[in-house]
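Chemist: Just so we're aligned: 33 in UniProt numbering is position 33 of the sequence shown, and the numbers increase by one with no gaps anywhere. Using N, Cα and C, we set each Cβ at its ideal position, and we do this for glycine too. In this text the structure is predicted, and so the values were computed from the model without any measurement. I am attaching a structure below and will ask some questions about it afterwards.
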Amino acid sequence: MPPRRIKCSFDECKAAAQRFSGDCTFCDGHYCNNHRLLEDHKCRNLDDVSSGDEEAALADDQLWWLVGLEDVLSEDSIADLRALVQCKKEAFEQNAMQLNKERTQVIRGV
């Protein structure tokens with residue numbers, strides 16, 4: 001008996017999952033060609049930067065990975081790390097917007 005075809009893990013998608021490029025290492029899901037990117041399947045293990053709460057998260061005095069580093073690093077180093085996190089989130093948001101702009105639009109009925 002042939003192996004069972006793996007379906008896309010995205011809700012309401014019945015397409016076949018891509019063998020290697022459709023595997024998400026963040027959420028362990030298997031996705032089709034349309035949902036294989038992190039932004040497309042809204043990966044649950046990815047920080048949500050589109051909610052507008054990134055400023056509130058950065059306004060907190062401590063990020064989870066900075067806990068205990070206040071004793072070791074200077075305040076300037078910690079400020080630099082927080083700025084780097086903000087920069088990475090902005091770059092992710094910009095990439096997501098660019099992907100949406102470049103998405104192919106299908107014209108039906110032509």
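With DSSP as the reference, please indicate the residues paired to K7 in a beta bridge.
Modeler: Answer is A16, bridged to K7.
Chemist: Within 10 angstroms of the Cβ of R4, are there 16 or more other Cβ atoms? Answer buried if so, exposed if not.
Modeler: So R4 ends up on the exposed side.
Chemist: Check whether the stretch 85–96 touches the stretch 17–33, taking contact to mean three or more Cβ pairs, one atom from each stretch, closer than 8 Å.
Modeler: With the cut-off at 8 Å, the stretch 85–96 and the stretch 17–33 do not touch.
Chemist: Using only the alpha-carbon positions, how far apart do K14 and I6 sit?
Modeler: Spanning the two alpha carbons is a distance of roughly 10 Å.
Chemist: Per DSSP, what kind of secondary structure is D76 in: helix, strand or coil?
Modeler: Three-state DSSP puts D76 in a helix.
Chemist: Give me the residue from Q86, E39, A79 and E75 with the minimum Cα distance to M97.
Modeler: Ranking the options by Cα distance to M97, first place goes to E39.
Chemist: Drop a sphere of 10 angstroms on the beta-carbon of R19, count the other beta-carbons inside from all chains shown, and report buried for 16 or more, exposed for fewer.
Modeler: Exposed: under 16 other Cβ atoms inside 10 Å.
Chemist: Drop a sphere of 10 angstroms on the beta-carbon of R108, count the other beta-carbons inside from all chains shown, and report buried for 16 or more, exposed for fewer.
Modeler: Counting Cβ neighbours within 10 Å, R108 comes out exposed, since fewer than 16 surround it.
Chemist: Based on Cα-Cα distance, which residue from V106, T104 and L99 lies nearest to L37?
Modeler: Checking every option, the nearest Cα to that of L37 belongs to L99.
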